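Residue numbers (the working numbering), protein chains in the order written: chain A, 1 to 255; chain B, 1 to 263; chain C, 1 to 243.
Here is the structure:
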């Protein structure tokens with residue numbers, strides 16, 4: 001069996017006295033779509049930020065692409081070029097158009113020529129269905145459109161893994177569907193993805209594995225079938241039932 | 001607050017250090033000969049000695065005299081106008097080669113600058129507005145009324161020595177102003193009751209303000225007027241004194257006085 | 001005429017000055033235009049002082065603001081002290097210090113001593129303006145830039161700074177107006193700018209009200225034109241938005 005593309009060993013994160021999570025172990029294989037669920041404040045977002053080194057963990061190791069990226073002397077910028085991240089609040093660059101948002105990383109980080117960068121950027125915008133909106137600015141786009149541009153921006157860097165931090169939590173209900181659709185296609189194309197979300201419909205349909213985190217540790221993980229139908233822990237069943245009530249049964253755009 | 005004080009003191013000390021690094025040059029006469037000009041300071045708000053006419057040109061007794069001195073020395077005059085009470089410091093610090101601005105000799109000024117020989121003399125005057133109803137027989141009577149004076153002048157010193165330090169009046173009774181026309185304005189406005197100033201300048205002001213009356217004229221604080229020169233610079237003093245004497249002997253200065261001081 | 005429209009459109013208060021001037025002129029055979037011309041000639045000096053003080057204040061201010069926001073705790077503390085001192089001292093005091101004290105070694109003319117002092121004082125205020133703007137842009141924008149692999153330097157220069165400069169325009173416009181008016185302080189060092197000229201001609205013609213009103217009018221025009229131009233710049237740079 002091939003090596004996991006991402007390995008987390010005994011990862012611990014603290015803010016002052018407060019322990020966010022401790023001794024986390026997790027493996028992600030290439031092509032996997034991992035959905036992380038759990039109550040708010042259990043460190044799910046923090047975990048993602050530790051993976052792309054936006055935050056430093058206190059102890060433990062993260063192995064990515066065969067290298068230990070938590071080791072001293074790692075070029076963080078270089079690591080982040082290979083890990084794409086999509087934020088809850090989109091965080092598009094407000095002073096740039098959609099096209100420029102996607103182009104910028106290609107020009108400044110990957111050092112492509114302006115022409116090459118523009119071509120690639122348009123490709124990615126097409127991929128998320130927003131080629132016609134290339135000249136629009138974030139302030140002129142809906143939330144769903146902004147998030148799709150954010151996804152295009154991350155994809156343009158050709159990352160090996162995409163991290164989604166509650167990508168639809170800040171969206172109006174009608175706009176959630178278009179974003180989930182993009183994410184669905186990505187997963188089907190074989191992109192390695194880690195998604196923190198409450199969207200149970202997506203989790204059930206698209207995830208290879210669901211990871212349930214609570215109180216700073218992983219309670220249980222397994223395939224959607226295992227987690228929804230034969231969970232090992234009562235707590236897992238309880239949580240899934242509650243959240244399915246809210247998000248899963250009332251599927252958006254479906255009857 | 002303590003930290004602020006520390007930093008402030010340090011910065012002041014640093015600035016003083018920079019200042020101390022200045023080099024003392026030799027006679028300013030050499031510089032004048034090399035540059036072909038004298039940098040002269042004046043405060044052109046003092047008719048009839050130095051003021052600007054309606055076209056905006058500098059003119060007046062001191063101005064014309066200095067221009068003539070320059071001519072006799074074969075150099076041009078570069079005028080630097082600034083508030084009166086900055087002039088002495090500017091000469092002392094080498095920002096000006098000299099200054100002519102109706103200056104009288106003063107021991108305190110002598111500490112940091114030198115004086116040429118006298119080229120003319122002035123008198124003091126006490127001035128009131130037509131609303132004044134008080135008594136005024138001797139100069140010391142001024143202490144009884146609200147007094148105004150231009151700061152940094154001989155009159156300012158005279159009032160301090162003879163009226164304030166002797167206890168005839170408190171310091172709070174005296175208002176100091178940057179320019180003599182400001183003193184006159186406050187006199188007309190009634191904020192002060194008497195002003196003390198050089199005689200001729202107040203006559204000029206009174207020409208346009210019939211409400212002003214000179215009630216006393218005489219030599220109290222003033223007397224001979226001189227050009228202010230850099231401290232210890234004997235060469236330039238010799239040169240300037242020579243030209244002044246020449247102009248006096250020729251009657252040039254008397255002619256100039258007739259032109260500007262005829263009442 | 002279009003020039004006047006530029007100045008006074010929406011700011012009719014400026015016109016209040018004109019009746020006062022007319023009143024003063026009644027009964028005087030004074031050539032008002034000559035007086036105004038003499039004072040207006042000081043505009044070159046006023047603009048000169050401003051043209052040195054404002055941009056140098058901006059350059060230093062941006063540099064210091066960067067150090068303050070991104071330089072770490074120790075440097076931030078030093079910047080704070082600098083800001084406190086420069087904003088706590090009246091500009092005139094600094095002017096005199098520079099002219100009489102510092103320039104004993106290096107001979108500075110009144111114009112340069114004044115312009116540099118004003119630039120130094122302004123840099124402290126401008127640092128605070130830029131710093132506020134940098135913080136307003138927020139750390140999230142920085143984070144998003146780093147997430148696509150940009151270095152901290154690239155992120156600050158390409159993402160934070162362009163947005164911050166846009167935010168800084170309104171308070172900066174205010175600072176520009178302040179410097180134009182504060183430039184009058186150099187009168188004390190003998191620079192023949194607008195205020196000093198008003199003083200001189202006011203004294204010689206015994207028409208202080210007229211002289212100072214004229215000076216006020218000129219300053220008013222300078223400040224208004226500057227603010228309008230900066231307003232236009234702000235509009236031009238505004239990012240299109242539906243919100």
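Just so you know, even glycine gets a beta-carbon here, dropped at the ideal spot from N, CA and C.
Since the model is a prediction, treat every value here as computed from it, not as a measurement.
7 Å Cβ shell around residue i - same chain, five flanking residues per side excluded
i, result
"residue 76 of chain C", "68"
"residue 4 of chain A", "27, 28, 29"
"residue 107 of chain A", "114, 117"
"residue 70 of chain B", "38, 76, 77"
"residue 268 of chain B", "A question about residue 268 of chain B goes unanswered here, because the residues of chain B that appear run from 1 up to 263."
"residue 47 of chain B", "60, 201, 204"
C-beta atoms of residue i and residue j nearer than 8 Å
i, j, result
"residue 243 of chain A", "residue 200 of chain A", "yes"
"residue 140 of chain B", "residue 163 of chain B", "yes"
"residue 101 of chain C", "residue 137 of chain A", "no"
"residue 36 of chain B", "residue 123 of chain B", "no"
"residue 62 of chain C", "residue 130 of chain C", "yes"
"residue 151 of chain C", "residue 77 of chain A", "yes"
"residue 152 of chain B", "residue 61 of chain B", "no"
"residue 32 of chain B", "residue 119 of chain B", "no"
"residue 166 of chain C", "residue 125 of chain C", "no"
"residue 108 of chain C", "residue 185 of chain C", "no"
"residue 49 of chain C", "residue 115 of chain C", "yes"
"residue 135 of chain C", "residue 117 of chain C", "no"
"residue 124 of chain A", "residue 156 of chain A", "yes"
"residue 29 of chain B", "residue 114 of chain B", "no"
"residue 82 of chain B", "residue 190 of chain C", "yes"
Residue i to residue j span [Cα, whole Å]
i, j, result
"residue 148 of chain A", "residue 221 of chain C", "49 Å"
"residue 220 of chain B", "residue 38 of chain C", "37 Å"
"residue 227 of chain A", "residue 245 of chain A", "16 Å"
"residue 39 of chain B", "residue 203 of chain C", "24 Å"
"residue 178 of chain B", "residue 89 of chain B", "15 Å"
"residue 34 of chain C", "residue 99 of chain B", "28 Å"
"residue 173 of chain C", "residue 227 of chain C", "6 Å"
"residue 141 of chain A", "residue 162 of chain A", "23 Å"
"residue 38 of chain A", "residue 146 of chain A", "26 Å"
"residue 89 of chain A", "residue 58 of chain C", "33 Å"
"residue 120 of chain C", "residue 149 of chain C", "37 Å"
"residue 99 of chain C", "residue 94 of chain B", "11 Å"
"residue 83 of chain A", "residue 168 of chain A", "20 Å"
"residue 67 of chain A", "residue 89 of chain C", "56 Å"
"residue 36 of chain C", "residue 42 of chain C", "10 Å"
"residue 257 of chain B", "residue 198 of chain B", "15 Å"
"residue 23 of chain B", "residue 237 of chain B", "Low confidence applies to residue 23 of chain B: its pLDDT is 45, below 50, so where it sits in the model is not reliable, and the reading given next is rough at best. Between residue 23 of chain B and residue 237 of chain B, the C-alpha separation is close to 21 Å."
"residue 262 of chain B", "residue 206 of chain B", "14 Å"
Contacts of residue i in chain A (Cβ-Cβ under 9 Å)
i, result
"residue 241 of chain C", "94, 137, 138, 139, 140"
Same chain, Cβ closer than 6 Å to residue i, five either side skipped, listed in chain order
i, result
"residue 63 of chain B", "50"
"residue 11 of chain A", "24, 57, 60"
"residue 215 of chain B", "126, 128, 136"
"residue 155 of chain C", "142, 145, 146"
"residue 49 of chain A", "55"
Per DSSP, cross-strand counterpart(s) of residue i
i, result
"residue 135 of chain C", "DSSP lists no partner for residue 135 of chain C."
"residue 224 of chain B", "B:121"
"residue 91 of chain C", "DSSP output for residue 91 of chain C lists no bridge partner at all."
"residue 150 of chain B", "B:177"
"residue 217 of chain B", "B:125"
Partners in chain B for residue i, counting only beta-carbon separations shorter than 7 Å
i, result
"residue 38 of chain C", "56"
"residue 192 of chain C", "81"
Neighbourhood of residue i by C-beta distance below 8 Å, restricted to the same chain and skipping five residues each side
i, result
"residue 187 of chain B", "127, 128, 129, 148, 193, 194, 195, 212"
"residue 179 of chain A", "144, 147, 148, 151, 167, 168, 171"
"residue 198 of chain A", "37, 166, 169, 243, 246, 247"
Listed by chain order, chain C residues near residue i by CB distance under 7 Å
i, result
"residue 208 of chain B", "206"
"residue 185 of chain B", "208"
"residue 83 of chain B", "188"
"residue 52 of chain B", "200, 201, 204"
Interface residues of chain A facing residue i [CB-CB closer than 8 Å]
i, result
"residue 139 of chain C", "Here the premise fails: no neighbours, minimum Cβ distance about 10 Å."
Interface flag, residue i vs chain D, CB-CB below 8 Å
i, result
"residue 34 of chain C", "Among the protein chains in the structure shown, which are A, B and C, there is no chain D."
Chain C contact residues for residue i, given Cβ-Cβ distances below 9 Å
i, result
"residue 181 of chain B", "199, 202, 203, 204, 206, 208"
8 Å Cβ cut-off: residues of chain C touching residue i
i, result
"residue 86 of chain B", "188, 189, 190"
"residue 205 of chain B", "206"
Contact set between residue i and chain B, taken where Cβ atoms lie within less than 8 Å
i, result
"residue 182 of chain C", "Within chain B, no residue comes near residue 182 of chain C; the closest Cβ sits about 17 Å away, beyond 8 Å."
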